Amino acid sequence: MSEMWINMGPQHPMTHGLWNLRVLIDGEMIVDVDPEMGYLHRGIEKISEDRHYNEVITLMDRCCYVAGFAWEHLYIIASEEALHLEPPERAQYLRVLCDEFQRIASHLMWYAAFVQDLGLMSPFLYGMRDRDLVLDLFQSYTGARMTYEYMRVGGVRSDLPPGFTDHARKVLDWLTDRFVEYDQLCLGSDIFRKRCDDLGTLKATDCVTHGVTGPMLRSAGQKRDLRKDRPYAVYDQLEFDVALADSADVTGRYLVRMEEMRQSVRLLRQVLDWLDRHPGPVLADRLPRWLGAPYAPVGKEGYLLKRNYPKGVGFSAVEEPHGEAQAYVVNEGGEHPYRVKFRSPVFANISAARQYLVGYHVADIPPIMGSVDVCVGEVDR
Amino acid sequence: MSTITLYSVSYDLASVLLGALGSILPGGARAAITSADVVTGLSVLIFGVILLAASMLNTILLIWWERKLLGRFMDRRGAMHVGYAGLLQNFADGFKLFRKDTVRPREADPLGFLTGPTAYMVTSMVIFGILPISTGWNSGALPLSLLLALAIFSFAPLFIFVSAWSSNNKYSLMGGMRSAAQMIAYEVPLLLAVVAVVIVSGSFSLTTIVTEQQNYWYWGPLVLALIVFVAAMLAEMERIPFDLPEAEAELVEGWNTEYGGMLFAFFMLADYLRALVGSILVVLLFLGGWTMPSWVPSAATSFPLAGIVWFMIKTYLVFGVFVWIRASLPRVRTDQLLRVGWNRMIPLSLLAVFLAAALVIVKCLPVFGCLPSVGG
Amino acid sequence: MATPDASDEKPRDNPILWVARPMATAARQFTKSLFRPSTIVYPYERLEDPQFRDRLEVASGKPFGVGRVWDNYRGVHALNIATCISCNLCAFSCPDICIDMVTVPGGDPKHPKKCPQIDYGKCSYCGFCSDACPEGCLTMTTRYELSTPKRSEMVYSPEKLFAVFRSKLPMNPIRLARPANEDAILLDPPLCIGCNACARDCPTGCITMLDVAKPEAKPGEKLPRRIWKEPVVNDSDCVRCGTCISVCPKECLFWGTRK
Amino acid sequence: MEPVDLTAALGPVLGDRLLGVEAFPRSAGRIRFERSGALDLFRAVRDSLGFRHLSMVGGIDWTDHREVFYVVWSDDRREYLFLSTDVPADDPHVESASGIWPSANWHEREAWELVGIEFDHHPDLRHLLTPDGYEFRPLLRSFKLHEPEELEVKTRHV
Chain A
14 MSEMWINMGP
24 QHPMTHGLWN
34 LRVLIDGEMI
44 VDVDPEMGYL
54 HRGIEKISED
64 RHYNEVITLM
74 DRCCYVAGFA
84 WEHLYIIASE
94 EALHLEPPER
104 AQYLRVLCDE
114 FQRIASHLMW
124 YAAFVQDLGL
134 MSPFLYGMRD
144 RDLVLDLFQS
154 YTGARMTYEY
164 MRVGGVRSDL
174 PPGFTDHARK
184 VLDWLTDRFV
194 EYDQLCLGSD
204 IFRKRCDDLG
214 TLKATDCVTH
224 GVTGPMLRSA
234 GQKRDLRKDR
244 PYAVYDQLEF
254 DVALADSADV
264 TGRYLVRMEE
274 MRQSVRLLRQ
284 VLDWLDRHPG
294 PVLADRLPRW
304 LGAPYAPVGK
314 EGYLLKRNYP
324 KGVGFSAVEE
334 PHGEAQAYVV
344 NEGGEHPYRV
354 KFRSPVFANI
364 SAARQYLVGY
374 HVADIPPIMG
384 SVDVCVGEVD
394 R
Chain B
2 MSTITLYSVS
12 YDLASVLLGA
22 LGSILPGGAR
32 AAITSADVVT
42 GLSVLIFGVI
52 LLAASMLNTI
62 LLIWWERKLL
72 GRFMDRRGAM
82 HVGYAGLLQN
92 FADGFKLFRK
102 DTVRPREADP
112 LGFLTGPTAY
122 MVTSMVIFGI
132 LPISTGWNSG
142 ALPLSLLLAL
152 AIFSFAPLFI
162 FVSAWSSNNK
172 YSLMGGMRSA
182 AQMIAYEVPL
192 LLAVVAVVIV
202 SGSFSLTTIV
212 TEQQNYWYWG
222 PLVLALIVFV
232 AAMLAEMERI
242 PFDLPEAEAE
252 LVEGWNTEYG
262 GMLFAFFMLA
272 DYLRALVGSI
282 LVVLLFLGGW
292 TMPSWVPSAA
302 TSFPLAGIVW
312 FMIKTYLVFG
322 VFVWIRASLP
332 RVRTDQLLRV
342 GWNRMIPLSL
352 LAVFLAAALV
362 IVKCLPVFGC
372 LPSVGG
Chain C
518 MATPDASDEK
528 PRDNPILWVA
538 RPMATAARQF
548 TKSLFRPSTI
558 VYPYERLEDP
568 QFRDRLEVAS
578 GKPFGVGRVW
588 DNYRGVHALN
598 IATCISCNLC
608 AFSCPDICID
618 MVTVPGGDPK
628 HPKKCPQIDY
638 GKCSYCGFCS
648 DACPEGCLTM
658 TTRYELSTPK
668 RSEMVYSPEK
678 LFAVFRSKLP
688 MNPIRLARPA
698 NEDAILLDPP
708 LCIGCNACAR
718 DCPTGCITML
728 DVAKPEAKPG
738 EKLPRRIWKE
748 PVVNDSDCVR
758 CGTCISVCPK
768 ECLFWGTRK
Chain D
57 MEPVDLTAAL
67 GPVLGDRLLG
77 VEAFPRSAGR
87 IRFERSGALD
97 LFRAVRDSLG
107 FRHLSMVGGI
117 DWTDHREVFY
127 VVWSDDRREY
137 LFLSTDVPAD
147 DPHVESASGI
157 WPSANWHERE
167 AWELVGIEFD
177 HHPDLRHLLT
187 PDGYEFRPLL
197 RSFKLHEPEE
207 LEVKTRHV
């Protein structure tokens with residue numbers, strides 16, 4: 014049979030978002046792939062140049078619809094640095110709380126989508142059901158389930174509601190039990206092991222060469238986690254292990270993500286204990302007016318430039334659920350950031366698609382791309 | 002006929018109808034119309050209509066059953082708003098599909114595109130004329146009814162491939178290829194597993210096979226053949242874990258990607274018709290058909306149409322197992338599927354055949370009649 | 518930390534009988550959800566409804582949410598027209614520019630009362646407007662059903678928002694933690710011409726124009742033509758809306774830290 | 057690992073094409089270099105300093121000139137390093153880094169289509185996020201929001 018190109022996307026059950034994977038196949042074998050992005054490009058970096066610093070946060074939630082908090086945190090760290098602001102410690106812990114719950118929610122979403130790609134139907138519902146509990150928690154202190162707008166430059170929007178920590182601990186207990194079930198449904202299944210072992214292998218050296226980060230890199234045995242390597246927020250005061258696997262295949266990525274969720278539970282218990290013991294302010298006590306919403310506007314355009322506010326640049330790198338995200342914020346003294354540049358981990362992970370897809374079957378594309386955990390919102394921005 | 006069966010009901014109905022018609026006709030015509038041949042012919046026709054309606058009704062009920070079961074497996078409720086417990090949901094869905102336009106791609110081959118699903122549907126329905134559901138089912142008493150049923154059952158890959166090829170879509174084509182490869186690969190172990198049953202029962206007639214199971218059901222002695230049969234039947238029915246031809250993750254909808262409206266409904270219905278046939282065959286060949294163990298109180302087995310009722314209960318339970326498998330297993334890959342089919346299933350089914358032959362030769366089959374759980 | 522990587526000590530769930538483990542897990546879930554699945558029968562059971570919320574939590578046997586989950590929800594706004602001071606803060610802080618200030622009856626003819634009108638076709642429910650509202654008259658409620666056949670019906674006039682307010686839905690109780698030491702309105706005295714525009718337009722009336730002494734004109738120097746009054750802002754009443762800065766013709770008001 | 061003296065390590069390689077080393081938040085520093093020394097610098101940074109992972113390539117439009125910046129990461133040192141060079145706005149050419157770090161491929165495609173930096177010897181300089189045939193450079197300061205542009209988009213698949 015001669016070779017032919019097929020378009021998997023932009024509307025295709027495999028894609029989980031709007032993108033197109035062009036595949037050159039020979040029979041059932043993949044000969045070449047060419048990912049095409051841009052169907053979800055909203056120009057977030059450009060719009061950010063036209064918004065107040067706090068207003069950009071609404072865009073960050075929409076960068077990645079399953080990991081909004083991670084992106085909020087990413088942007089907040091960079092812009093606080095660019096604006097020379099320092100958040101209170103309790104706000105830092107609250108951000109870690111958001112981050113780790115978000116990691117669990119994101120990985121649960123990944124789990125649901127990944128098993129669905131394999132044709133495993135009921136775990137999809139289990140994953141979504143348990144993710145909903147985490148979203149309920151988010152809703153209880155942010156008021157929204159996916160687009161939180163919770164973090165602010167210089168702190169967070171509000172403190173936790175009373176009784177939150179106890180409920181959160183209950184949710185953690187529930188989740189810990191569910192993780193066992195997930196493993197039984199996947200690792201305990203011979204078909205799953207046959208499908209996923211030695212599939213989509215990407216060795217650590219190739220990962221580094223092609224910029225692949227996150228669970229994909231850790232599944233290849235490379236111990237690299239920004240929470241350990243370049244601790245941000247208060248990660249250096251918390252105990253956790255870096256999840257690792259050595260098989261560099263789909264099963265390895267599954268194991269890494271499952272272990273990361275367990276480590277997140279461990280982190281969250283420490284954070285909840287800390288939050289119980291240390292009440293305090295959650296927003297810096299002195300903030301410039303011109304951060305924008307919800308603080309009042311400055312009035313006329315260009316008025317600030319007369320007043321000589323300090324310039325600065327901010328750079329942040331955050332271990333997002335998908336990998337290493339980076340933000341670069343240039344503050345030229347205006348009300349709006351001069352330039353905002355984001356690095357999406359999925360962007361790099363997809364760009365290496367040729368390395369881990371070629372040579373496998375067409376039927377392997379959904380599990381492999383599922384194990385990459387594609388979130389098109391943050392790739393296209 | 003002493004017991005009331007579906008056929009006797011339709012025979013009585015036919016004779017009553019023809020008698021009423023004959024009473025208003027002149028003598029010569031009356032004699033002609035009430036002759037035994039005409040009554041039999043009409044009764045077969047009525048029987049066929051009832052059968053058609055019953056099989057379609059059962060298929061729709063089967064979809065409902067799957068939706069409800071799958072819902073509970075997934076920690077949700079399934080269809081629940083249309084009719085009691087969502088019983089009428091599938092009628093609503095069917096009505097929606099019925100009202101839809103049939104969209105045919107411009108580049109598709111019209112002949113194959115239209116005849117493929119139709120023939121697939123028709124061949125799936127014809128099997129119901131052969132399968133005996135209860136005693137007194139004359140069509141099932143044909144000496145080679147089992148072979149005939151399986152022969153019609155294995156028409157499907159041809160029509161699937163025709164419709165996939167004429168859709169002129171790459172996904173359809175791949176799905177059609179996979180479907181053909183898979184069905185041909187699993188036809189062999191399926192038939193070999195049936196051979197084991199035939200060896201033990203000594204007949205190709207489905208009715209005889211069931212009556213032979215009066216003393217003990219065949220799943221006891223032929224457990225290996227049962228496993229092979231169920232696995233091969235899953236592949237033939239294209240259900241998870243063997244639903245590669247319509248693996249929606251990579252092939253959109255596989256061979257029926259381009260179909261919509263009523264033609265898609267044909268495919269859906271035919272799929273579930275085949276699932277029903279598969280469940281019925283499992284019940285007929287391994288689970289004693291309409292017979293019940295002797296420890297079941299006679300009141301439960303002697304009411305009118307009791308055979309049909311028990312038969313359907315068994316069928317739905319067997320299908321429930323298929324749903325259970327669907328809810329808990331991922332799908333396999335094409336090469337793995339074919340490797341399992343040719344390298345594992347065929348030796349296993351051959352082994353099952355030899356075991357069955359050995360059991361017959363050493364005459365230890367009646368031992369299974371002692372097991373109360375097996376039958377009796 | 519001395520503990521080894523947890524991935525090593527974790528027991529691997531290896532398959533038993535090929536598929537026995539997942540099938541057993543699915544069957545266990547089946548029996549569990551035969552009694553009551555975790556789903557909520559949405560149009561009939563609503564989580565924002567307290568009676569269902571408590572019942573569901575007990576029936577499903579799992580932590581459904583935290584006490585006032587639904588009260589915190591950021592849904593359709595409720596506007597109390599009576600307490601609105603027309604300070605414009607909501608419209609200013611809206612990142613999506615979906616809030617228009619429209620005139621409502623009740624103001625004096627010279628300074629008509631203006632209240633927010635929200636276009637829900639554009640709104641992203643970020644809550645910046647209700648965070649910014651100094652009087653707490655614009656809050657978000659638990660209403661989330663907005664579907665309508667007409668796009669024009671997505672625009673909620675102040676009266677419509679007031680109707681939401683009167684429907685007594687649970688309001689979002691979260692109030693923004695305001696910085697303890699907020700910037701205040703400062704004056705650049707040499708630029709001021711005493712035109713009274715800031716005091717006239719101040720929604721809270723916290724600006725009073727006080728007389729300043731007219732300086733003696735030095736020989737050869739011409740005094741600026743102005744009214745010899747200067748605004749004085751009462752910081753405790755000020756809501757920091759910035760209206761005065763916007764209307765100042767000479768750009769002599771600015772944000773800063775009060776010494 | 058002890059902090060590396062970037063000037064000492066890179067000075068001999070680049071000579072006067074090394075414009076300076078500045079402190080930069082959350083990283084080992086920022087190296088400003090002349091664009092003609094791009095490939096030499098990349099090779100030196102990757103091979104002798106061990107920054108094998110290229111995280112990000114981006115461009116900034118400073119209206120009179122454009123800046124190209126690279127963020128690289130070293131697994132041995134566990135830190136980031138910024139490299140940045142200026143290119144004139146009327147001649148925004150710089151050597152592509154994708155021969156040295158393959159991961160630069162897509163990042164450079166993005167910087168090319170959004171900021172208009174021309175990467176020489178790039179293997180595959182196609183549109184990534186914007187449609188094919190889109191001749192605007194959205195992240196330039198001259199591209200104003202709120203002014204919708206009429207454009208005709210050519211589709212890629214025939």
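Residue numbers (this note's numbering), protein chains in the order written: chain A, 14 to 394; chain B, 2 to 377; chain C, 518 to 776; chain D, 57 to 214. For each residue, glycine too, the CB sits at the ideal point set by N, CA and C. Note that the structure is a prediction, hence the values are computed from the model and not measured.
Terminal residues of the beta strand (DSSP E) in which GLN283 (chain A) lies: By one-based count along the first sequence, residue 283 (chain A) stands at place 270. Looking at the DSSP string, GLN283 (chain A) is not in any beta strand (DSSP E); the run it does join, the alpha helix (DSSP H), is 263-290.
Nearest neighbour of LEU98 (chain B), chosen from B:VAL341, B:ALA276, B:PHE267 [CA to CA]: Position 97 of the second sequence, counted from the start, is the residue given in the question as residue 98 (chain B). Ranked by how close their Cα comes to the Cα of LEU98 (chain B), the residues B:VAL341, B:ALA276, B:PHE267 have B:PHE267 in first place.
Using a Cβ-Cβ distance under 8 Å, would LEU317 (chain A) count as near chain D? Within the first sequence, numbered from 1, the residue matching residue 317 (chain A) stands at position 304. For LEU317 (chain A), the predicted structure reports a pLDDT of 44, less than 50, and the residue's modelled location is therefore unreliable. The matter cannot be settled from this model.
Taking Cβ positions, are CYS723 (chain C) and THR760 (chain C) nearer each other than 8 Å? Here the question's residue 723 (chain C) lines up with position 206 in the third sequence. Here the question's residue 760 (chain C) lines up with position 243 in the third sequence. In this structure, THR760 (chain C) does not lie closer than 8 Å to CYS723 (chain C) by Cβ.
Should SER684 (chain C) go down as buried or exposed, given a rule of 16 or more other Cβ atoms within 10 Å for buried? Your numbering for residue 684 (chain C) matches position 167 in the third sequence. SER684 (chain C) counts as exposed, since fewer than 16 other C-beta atoms from the protein chains shown sit within 10 angstroms of its C-beta.
Excluding the 5 residues flanking GLY234 (chain A) on each side, which residues of the same chain have their C-beta closer than 8 Å to its C-beta? For this step, residue 234 (chain A) is matched to residue 221 along the first sequence. Here the set comprises ALA217, LEU257, ALA258, ASP259, ALA261.
Quick check on DSSP: helix, strand or coil for LEU704 (chain C)? For the purposes of this step, residue 704 (chain C) is taken as the residue at position 187 of the third sequence. Correct three-state label for LEU704 (chain C): strand.
Find the residues of chain D that neighbour ARG9 (chain A), judging by a C-beta separation of less than 7 Å, and give them in chain order. In this structure chain A extends from 14 to 394, so residue 9 (chain A) is not present and cannot be described.
Note down, in chain order, every chain B residue with its Cβ under 9 Å from the Cβ of SER202 (chain A). Your numbering for residue 202 (chain A) matches position 189 in the first sequence. Simply SER329, LEU330, PRO331.
Residue-level contact to chain B via CB, TYR673 (chain C), 8 Å cutoff: Sequence index remark: in the third sequence, residue 673 (chain C) carries index 156 (1-based). No Cβ of chain B is located within less than 8 Å of the beta carbon of TYR673 (chain C).
Beta carbons nearer than 7 Å to chain A: which residues of the region 88-112 of chain D have them? Residues ARG108, HIS109, LEU110, SER111, MET112.
Answer with buried or exposed for TYR154 (chain A), where buried requires no fewer than 16 other C-beta atoms within 10 angstroms of its C-beta. As a working note, residue 154 (chain A) is residue 141 in the first sequence. With 16 or more other Cβ atoms within 10 Å, it is buried.
Just list the residues that DSSP pairs SER140 (chain D) with in beta bridges. Taking the fourth sequence and counting its residues from 1, one reaches residue 140 (chain D) at position 84. Paired residue(s): D:ARG88, D:PHE125.
Give a yes or no on whether 8 Å exceeds the smallest Cβ distance from PHE74 (chain B) to chain C. To locate residue 74 (chain B), count along the second sequence from 1; it is residue 73. Judged by the 8 Å Cβ criterion, PHE74 (chain B) is in contact with chain C.
Where does ASP336 (chain B) fall in DSSP's three states? Along the second sequence, one-based indexing puts residue 336 (chain B) at 335. In the structure shown, ASP336 (chain B) sits in a helix (DSSP, three-state: H, G or I).
Within its chain, find whatever has a CB closer than 8 Å to the CB of LEU97 (chain D); leave out the 5 residues flanking it on each side and keep chain order. Counting from 1 along the fourth sequence, the entry for residue 97 (chain D) is found at position 41. Counting only Cβ-Cβ distances below 8 Å, and skipping sequence neighbours, we find LEU66, VAL69, LEU70, ARG73, LEU74, ILE87, PHE89, LEU139.
Kindly indicate the opening and closing residues of the beta strand (DSSP E) around TRP325 (chain B). Residue mapping note: residue 325 (chain B) aligns to position 324 of the second sequence, counting from 1. That residue, TRP325 (chain B), is in no beta strand (DSSP E); its alpha helix (DSSP H) goes 307-329.
Just to check, is the beta-carbon of ARG279 (chain A) closer than 7 Å to a non-hydrogen atom of the ligand MN? Looking at this structure, you won't find the ligand MN or any other ligand, since it has none at all.
Excluding sequence positions up to five away, which residues of its chain have a Cβ less than 6 Å from the Cβ of LYS313 (chain A)? The count along the first sequence starts at 1 and reaches residue 313 (chain A) at position 300. With a pLDDT of 46 at LYS313 (chain A), under the threshold of 50, the modelled position of this residue cannot be trusted; read the value that follows with caution. Closer than 6 Å at Cβ, skipping near neighbours: no residue.
Taking Cβ to Cβ, would you say TYR642 (chain C) is nearer than 8 Å to TYR673 (chain C)? Reading the third sequence from its first residue, position 125 is the one you call residue 642 (chain C). Reading the third sequence from its first residue, position 156 is the one you call residue 673 (chain C). Result no, Cβ atoms of TYR642 (chain C) and TYR673 (chain C) do not sit closer than 8 Å.
Using the beta-carbon count (16 or more within 10 Å), is ARG538 (chain C) buried or exposed? For this step, residue 538 (chain C) is matched to residue 21 along the third sequence. Under this definition ARG538 (chain C) is a buried residue.
Can you have a look at SER36 (chain B) and say buried or exposed, based on whether 16 or more other CB atoms are within 10 angstroms of its CB? By one-based count along the second sequence, residue 36 (chain B) stands at place 35. SER36 (chain B) comes out exposed.
GLN634 (chain C) - DSSP class collapsed to helix/strand/coil: For this step, residue 634 (chain C) is matched to residue 117 along the third sequence. The answer is strand: DSSP assigns GLN634 (chain C) an E or B state.
Would you say GLU273 (chain A) and PRO228 (chain A) are within 8 Å of each other, going by their C-beta atoms? Position 260 of the first sequence, counting from 1, holds the residue named residue 273 (chain A). Position 215 of the first sequence, counting from 1, holds the residue named residue 228 (chain A). Yes, they are a contact pair.
Give the straight-line distance between the Cα atoms of MET27 (chain A) and THR116 (chain B), rounded to the nearest whole angstrom. Here residue 27 (chain A) refers to the residue found at position 14 of the first sequence. Here residue 116 (chain B) refers to the residue found at position 115 of the second sequence. The straight-line gap from Cα to Cα measures roughly 30 Å.
For SER555 (chain C) and ASP188 (chain D), I'd like the C-alpha separation in whole angstroms. Indexing the third sequence from 1 puts residue 555 (chain C) at position 38. Indexing the fourth sequence from 1 puts residue 188 (chain D) at position 132. If I take the Cα positions, the gap works out to 47 Å.
Could you run through the region 219-237 of chain A and flag, in chain order, every residue whose CB is less than 7 Å away from some CB of chain C? The region 219-237 of chain A vs chain C, Cβ under 7 Å: nothing.
Would you identify the three-state DSSP class for SER135 (chain B), choosing helix, strand or coil? Here residue 135 (chain B) refers to the residue found at position 134 when the second sequence is read from its first residue. Assigned with DSSP and collapsed to three states, SER135 (chain B) falls in coil, not helix or strand.
Grouping DSSP H, G and I as helix and E and B as strand, with all else coil, what is GLU108 (chain B)? Position 107 of the second sequence, counted from the start, is the residue given in the question as residue 108 (chain B). Reduced to three states, the DSSP call for GLU108 (chain B) is coil.
In whole angstroms, what separates the C-alpha of LYS631 (chain C) from that of CYS607 (chain C)? Locating residue 631 (chain C) in the third sequence gives position 114, counting from the first residue. Locating residue 607 (chain C) in the third sequence gives position 90, counting from the first residue. Inter-residue distance for LYS631 (chain C) and CYS607 (chain C) is about 12 Å (C-alpha atoms, whole angstroms).
Quick one: which chain A residues come within Cβ less than 7 Å of VAL69 (chain D)? Position 13 of the fourth sequence, counting from 1, holds the residue named residue 69 (chain D). Neighbours of VAL69 (chain D) on chain A: none; closest Cβ ~22 Å, over 7 Å.
Using 10 angstroms around the beta-carbon of MET234 (chain B), count the other beta-carbons present and answer buried if the total reaches 16, otherwise exposed. The residue labelled residue 234 (chain B) in the question sits at position 233 within the second sequence. Buried: at least 16 other Cβ atoms inside 10 Å.
Which residues of the region 316-350 of chain B have a Cβ closer than 9 Å to any Cβ of chain C? Give them in chain order. The region 316-350 of chain B vs chain C, Cβ under 9 Å: TRP325, ILE326, ALA328, SER329, LEU330, PRO331.
Going by C-alpha to C-alpha distance, which of A:ALA365, A:HIS223, A:MET271, A:ASN344 sits closest to ALA118 (chain A)? By one-based count along the first sequence, residue 118 (chain A) stands at place 105. Answer by Cα proximity: A:MET271.
Short check: CB of VAL278 (chain B) to CB of VAL319 (chain B), under 8 Å? The residue you call residue 278 (chain B) lines up with position 277 of the second sequence. The residue you call residue 319 (chain B) lines up with position 318 of the second sequence. Contact annotation: VAL278 (chain B) and VAL319 (chain B) have beta-carbon atoms that are not nearer than 8 Å.
Assigned secondary structure, ALA55 (chain B) (DSSP; H/G/I helix, E/B strand, else coil): Within the second sequence, the letter at position 54 stands for residue 55 (chain B). Residue state, collapsed to three classes: helix.
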